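Report on one structure; see the data block that follows.
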């Protein structure tokens, strides 16, 4: 058996844990670190522990570097960290840092570099309503548990460049001074890999500047970063509670993009009625209705889907996500399965009956369509569909959706006169207006049934009505297809 010789030294390895998702380049990041360390004369090791189920497969990478050169004997590294071992925790997604805290890896000796960009988990995405976790408590926990937290908005930092997040993070790691590696050693490591060298070097420089300028993001709520509405709406927005201004601005921008400015003004007129119905000045009900109303008024009909699929820059964004340049051929195929409801919905009611109720349409299965939207033909087909936007107000689905929205708003107004909490619950019933085809029709039918005798039930059995509303919301959240 080979004899293991220990190194008699009080020097311990520098330990870095990287939490990343599939496709975020965590493996390449660790490869750069190992390569740079070895070329600099240090002993170093990188290992990975793959994971599944969450998002695109979370993977933990572990890197150790022994900070002494010219050793006579080779140090023995471990495959994973222990408690109090970490000098640096790198999270390519903020909840990965939360996982490290949960496992006891992050302590008062640990610096945390975390991206602020969210990649939603499967549990968050399958929720029928807003299933996103509140990231603020996670960030607060990281700040309390760690020695120092540095947050990087990778999307903002890479804007206008082809830089990848892992290259930016590499620059931040080196800029933090935790590793005894020079900038040039890391630049040489990037060059030696000979993969997207120019963009990765650019990302590395961005990361260096971000960490040196302490360019961290400490938003009170990273999920509520909205663009300001056009100045023409400023005066109207000020009529609402200040707490609701951000979400209302977002709703205005969304509806202008969806239809036009007149439609956004219609949105504000509806909100004004809700504001007048509540006695509270905290903006809670107005904010809740503003959020749901903007989403519902921008329901995804055939025209909207075509508009989204033909967005300027969509193909460029796909290329960036895949990390491929313009010289590499790209074929994009979009899969659609419209049912009879979708075909009828985009036509005026007077002629919607012309859609035949036969074959797959009769069975409610829809027709499978594969459109090569990366080609002139596929793109042109969708562009033609999106051009029907000015005629949307004459479509069958538009008229039906607006009718049910009015029933919903009337129920909220009536509830606000009795109990604001019940009014907020009623606003949340908008979750039933989701999906496509039979799922959406079933949800809308349920809302019509629920609102038919709303005023009478509100007067005779307010508590029973509140319980029923809660049950509908709970069922909708727990089962995306339940109505």
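Residue numbers (the working numbering): 6 to 488.
Glycine is no exception: its CB is placed at the ideal position from the N, C-alpha and C atoms.
None of the values given here were measured: they were computed from a predicted structure.
With 16 other Cβ atoms within 10 Å as the buried cut-off, status of residue i
i           : result
residue 483 : exposed
residue 199 : exposed
residue 181 : buried
residue 317 : exposed
residue 163 : buried
residue 158 : buried
residue 296 : buried
residue 466 : exposed
residue 352 : buried
residue 192 : buried
residue 18  : buried
residue 481 : buried
residue 332 : exposed
residue 240 : exposed
residue 80  : buried
residue 64  : buried
residue 274 : exposed
Close-in-space but distant-in-sequence residues of the same chain around residue i (CB under 6 Å, 5 per side omitted)
i           : result
residue 430 : 474
residue 136 : 129
residue 91  : 20, 22, 110, 115
residue 393 : 308
residue 66  : 23, 31, 35, 53
residue 418 : 282
residue 39  : 49, 51
Alpha-carbon spacing of residue i relative to residue j, whole angstroms
i           : j           : result
residue 298 : residue 341 : 26 Å
residue 293 : residue 421 : 13 Å
residue 426 : residue 127 : 30 Å
residue 334 : residue 323 : 12 Å
residue 36  : residue 142 : 32 Å
residue 205 : residue 173 : 8 Å
residue 208 : residue 176 : 7 Å
residue 343 : residue 395 : 21 Å
residue 428 : residue 187 : 60 Å
residue 100 : residue 147 : 10 Å
residue 497 : residue 338 : Lying before the first or after the last residue shown, residue 497 is absent from the chain, which here runs from 6 to 488.
residue 455 : residue 406 : 16 Å
residue 221 : residue 167 : Confidence is the limiting factor: at residue 221 the pLDDT is only 47, short of 50, which leaves the residue's position unreliable, though a coordinate-based value still follows. So the alpha carbons of these two residues sit roughly 21 Å apart.
Assumed close pair residue i, residue j - CB separation to whole angstroms, cut-off 8 Å
i           : j           : result
residue 379 : residue 336 : 5 Å
residue 234 : residue 252 : Their Cβ separation, rounded to whole angstroms, is 11 Å, which puts residue 234 and residue 252 out of contact at 8 Å.
residue 470 : residue 463 : 6 Å
residue 82  : residue 50  : 4 Å
residue 179 : residue 154 : About 18 Å; that fails the 8 Å criterion.
residue 117 : residue 151 : 5 Å
Any chain B beta carbon closer than 8 Å to residue i
i           : result
residue 398 : Protein chains in the displayed structure number just one, and chain B is not present.
Close-in-space but distant-in-sequence residues of the same chain around residue i (CB under 8 Å, 5 per side omitted)
i           : result
residue 189 : none
residue 452 : 409, 412, 413, 434, 437, 438
residue 306 : 347, 350, 351, 397, 400, 402, 403
residue 388 : 311, 315
residue 354 : 401, 404
residue 289 : 248, 425, 429
Nonlocal neighbours in the same chain, by C-beta distance under 7 Å from residue i, ignoring five residues either side
i          : result
residue 29 : 97, 170, 171
Query raised in the report: Can we say the stretch 234 to 247 touches the stretch 279 to 287, given the rule of at least three CB pairs closer than 8 Å?
Result: yes
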